[in-house]
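Peer 1: Numbering (the UniProt record's numbering), first residue to last: 1 to 105.
Using N, Cα and C, we set each Cβ at its ideal position, and we do this for glycine too.
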């Protein structure tokens with residue numbers, strides 16, 4: 001529906017599927033990470049367009065398209081933030097394992 005070039009820096013980022021979302025959620029190792037994950041999800045919830053504009057007129061097709069674009073942009077930002085959170089969690093786990101192995105030597 002949208003051309004990928006419309007999203008600028010976010011053009012290479014695809015929104016998360018439900019399976020990807022579940023997999024990322026399961027990779028959150030601490031309660032703090034899970035709460036951060038939930039907070040990012042809540043902040044980027046898509047919202048349906050209102051039935052009318054501020055003046056009480058029904059939305060035009062263009063207005064609905066702009067609203068849909070905003071929701072798609074939000075999904076891409078959410079995907080970027082959740083993936084970077086998962087990378088930070090993975091890096092922290094890797095460092096923790098490295099420290100543990102160093103201590104055992």
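What residue from 15, 53, 29, 8 has the CA that sits closest to residue 90's CA?
Peer 2: For the purposes of this step, residue 90 is identified with residue 90 of the chain shown, where counting begins at 1. Among 15, 53, 29, 8, the Cα nearest to that of residue 90 belongs to 29.
Peer 1: Would you call residue 113 buried or exposed, if buried means 16 or more other Cβ atoms sit within 10 Å of its Cβ?
Peer 2: Residue 113 is absent from the structure shown; the chain starts at 1 and stops at 105.
Peer 1: Taking residue 13 as part of the alpha helix (DSSP H), name the residues at either end of that continuous run.
Peer 2: If you number the chain shown from 1, residue 13 lands on position 13. Unbroken run through residue 13: none, as it is neither H nor E.
Peer 1: Tell me whether the stretch 4-17 and the stretch 38-53 touch, counting them as touching only if at least three CB pairs, one residue from each stretch, are closer than 8 Å.
Peer 2: They do not touch, by the three-pair rule.
Peer 1: Where does the unbroken alpha helix (DSSP H) through residue 70 begin, and where does it stop?
Peer 2: Taking the chain shown and counting its residues from 1, the one referred to as residue 70 is at position 70. Looking at the DSSP string, the run of the alpha helix (DSSP H) that includes residue 70 is 61-104.
Peer 1: Measure the Cβ-Cβ separation of residue 50 and residue 75 and say whether it is below 9 Å.
Peer 2: Counted from its first residue, the chain shown places residue 50 at position 50. Counted from its first residue, the chain shown places residue 75 at position 75. Not in contact: residue 50 and residue 75 (Cβ atoms no closer than 9 Å).
Peer 1: According to DSSP, which residues form a beta bridge with residue 52?
Peer 2: Stepping through the chain shown from its first residue, residue 52 is reached at position 52. Answer by DSSP bridge pairing, in chain order: 58.
Peer 1: Report the rounded CA-to-CA distance for residue 101 versus residue 21, giving the unit in angstroms.
Peer 2: As a first step, residue 101 must be located in the chain shown, where it is residue number 101. As a first step, residue 21 must be located in the chain shown, where it is residue number 21. Straight-line Cα distance between these residues: approximately 31 Å.
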